[in-house]
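By the count of this note's numbering, the first sequence reaches residue 447 at its end, each step adding exactly one.
Worksheet: the structure to be examined is printed underneath.
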Amino acid sequence: MSFDSLGLAAPLLQTLIQCGYRTPTEIQAQSIPVLLSGRDLIAVAQTGSGKTAAFALPILKQLSDKGLRGGIQALVLVPTRELAVQVADAFTRYSAGLGLTTLAVYGGVNIRPQRQALAAGVDILVATPGRLLDLTGQFGLSLASVGTLVLDEADRMLDMGFAPDIEKIRRQLGPHQSAMFSASFAQRERELAERWLSNAVSLAAKDTGRIPQQLALEVFMLDKPRWAEFVAELVGKRNWRQALVFVSSREESNTLVAELALDGLQAAAFHGEKTQGARRRGLDEFKSGKLRLLVATDVAARGLDIEDLPVVISLGLPHGEEDLIHRLGRSARAGREGLAVIVLSPEMRADLPLLKALCPALPEVITPEGYSPKDPLPQRYRDGALSTPGSKPANRSGRNAGQRPGTRTGSRTGSRTGGRTGSSNGSPRQSGKPARQGNAPKRQARG
DNA sequence: AAAAAAC
């Protein structure tokens, strides 16, 4: 199977070769003909399986065939600002030589450049709902020419927080084709979706609702006051190139960043309370490898494509069960391997059955050596150490003090990068455990 | 019980 047989235009095929795309993924092979036929579509496929291209390519083909008529031709709605940028970038990359323009509009930044770009003419608009309503309501942007509407992360876009805005936007559209994509679609959201679709084709890959099979998994149980210390210890001992850490609130994100700093690890907080500038900087630096640790709320759970991210850590579980799949799905994308570490507190034991449903090969839950299910907060995190940046608290006692990202690779452990290399037992994948590095206690590496 | 999304 190749892209040639899917009915895409010649310049598009040319670009795909240059982008290194050779074979369509399952969801692409199935979705592209449906969207080219003009029918509505609801498509569910695993994280990292190429959903963006699955809707972007047929849209670009349709628009390049049609010739420009003026006005916005296609509208893609997404739940976060960074995802808007990422999806628009993908359209721009794929549309090289087609003479089509894509723009991302989202809040938190000056609206004027967005208005000016819209005035100059945009064919494909990728938007977060609030800013789009601002543009249509206050600035007279018309959506009447939209021929295709895509809801990316559609189940999220249809939930209570977003649905009213999506409804307002939809009322501004004329006749159009609708497509909905996500890695998760609970029955409730599916029913909502079907109200918006007419005679839609429904696609679901076999492995949906599960984490990718090439994602190794480890589950630990220890008392919450020591999570920060445990993360610092893991990062140091396993020598991971990078890790994306999920927490359940903005405050937890800030606190963990401060705690990791006391352990000599530099991290950035990434959540909705940050300025858009700080969000952009944090994500950019993480993507470019300048930053080793990003501590995020679920603003980063969906859609973000961080190339070859080796490790994702979930401290606790997200509130919606489907969001765990999205969190863990930031790693092991596009067929690559990855590692997911889930850290639970004893109170979360009740959530284990849920975990089992998403991850059928759930490994044994480990309480690492030196930790117990009931621990006090370590001294160095106490006594206001976190709130007095001027003083120099227990930094020296931090286990990673003095270790710098640049000195990681090869030197201390004499090992290869990444923490997943080398395996003496011959079957690291099947048992779901990455190779252990450094001098981690025996029990700790079990997964 | 949380997060996200406009000003």
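Just so you know, even glycine gets a beta-carbon here, dropped at the ideal spot from N, CA and C.
Where the beta strand (DSSP E) containing residue i begins and where it ends
i: V245; result: A243 to F246
i: S145; result: Element bounds for S145: n/a, residue is neither H nor E.
i: F270; result: A267 to F270
i: L197; result: Taken as a continuous stretch (DSSP letters only), L197 belongs to no beta strand (DSSP E), as it is neither H nor E.
Residues bridged to residue i [DSSP beta-bridge criterion]
i: F181; result: A43 and D152
i: V219; result: I342 and V365
i: F91; result: In DSSP, F91 forms no bridge with anything.
i: S314; result: F246 and I342
i: L75; result: L125 and L149
i: L13; result: Partner(s): none; L13 has no beta bridge.
i: A204; result: V44
Element boundaries [alpha helix (DSSP H), containing residue i]
i: L354; result: L352 to L358
i: R296; result: Per the sequence shown, the amino acid found at residue 296 is Ala instead of Arg. That residue, A296, is in no alpha helix (DSSP H); its beta strand (DSSP E) goes L293 to A296.
i: A301; result: Premise fails: A301 is in no alpha helix (DSSP H) and is neither H nor E.
i: G458; result: Outside the displayed span of the chain (1 to 447) sits residue 458, for which this structure offers no information.
i: R380; result: Segment: none, R380 is in no alpha helix (DSSP H) and carries neither H nor E.
i: P225; result: It is not in any alpha helix (DSSP H) - P225 carries neither H nor E in the DSSP assignment.
i: Q62; result: K51 to K66
i: A163; result: A163 to R170
i: I451; result: What the structure shows of the chain is the stretch from 1 to 447, and residue 451 is not part of that stretch, so it cannot be assessed.
i: E347; result: Unbroken run through E347: none, as it is neither H nor E.
i: P33; result: E26 to L36
Among the options, the one whose alpha carbon lies nearest that of residue i
i: A43; options: Q242, K287, E189 and I366; result: E189
i: K61; options: I72, R39 and L35; result: L35
i: P11; options: G97, V365, A120 and T275; result: G97
i: W240; options: Q46, L309 and V219; result: L309
i: L256; options: T275, R279 and F230; result: F230
i: F286; options: A268, D65, S372 and R250; result: A268
i: L265; options: D351, V219, S198 and A228; result: A228
i: E26; options: S37, Q46 and R382; result: Q46
i: D263; options: S184, S288 and A232; result: A232
i: L453; options: R195, L141, Y381 and R69; result: Given that the chain is displayed from residue 1 to residue 447, the structure contains no residue 453 and the question cannot be resolved.
i: L158; options: V146, L197, L135 and G121; result: L197
i: A261; options: R302, R380 and P318; result: R380
i: L133; options: E347, Y21 and Q172; result: Q172
i: R115; options: A350, Y94, R93 and Q138; result: Q138
i: S50; options: I325, Y21 and S37; result: A small fix is needed here, since residue 50 is Gly in this sequence, not Ser. Ranking I325, Y21 and S37 by Cα distance to G50 puts Y21 first.
i: I124; options: P175, M160, G70 and R81; result: G70
i: D375; options: D223, R336 and A350; result: D223
i: L358; options: R330, E321 and R349; result: E321
i: A332; options: I306, A90, R349 and S95; result: I306
i: R336; options: M348, K356, G277 and Q213; result: Q213
i: S31; options: L13, T15 and L6; result: L6
i: G67; options: E273, M1, L100 and D165; result: L100
i: Y106; options: A29, R280 and S248; result: R280
i: D65; options: L362, R382, I366 and L8; result: L8
i: P368; options: P378, R349, D351 and L344; result: L344
i: N199; options: T275, R39 and T23; result: R39
i: I72; options: G121, V109, R112 and A90; result: G121
Beta-carbon spacing of residue i, residue j below 8 Å
i: G316; j: L215; result: no
i: I59; j: T128; result: no
i: V312; j: L234; result: no
i: L328; j: I211; result: yes
i: V201; j: L57; result: no
i: V126; j: A144; result: no
i: D207; j: A186; result: no
i: F181; j: A84; result: no
i: L293; j: G282; result: no
i: F3; j: P79; result: no
i: A448; j: F270; result: Nothing can be reported for residue 448: it is not among the residues displayed for the chain, which extend from 1 to 447.
i: S448; j: F220; result: What is shown of the chain runs 1 to 447, which leaves residue 448 out entirely.
i: R226; j: Y371; result: yes
i: V146; j: A88; result: no
Next item on the list: Tell me the start and end of each unbroken alpha helix (DSSP H) in the stretch 94-128 that is at least 4 residues and wholly inside, in chain order.
Entry: 112-120
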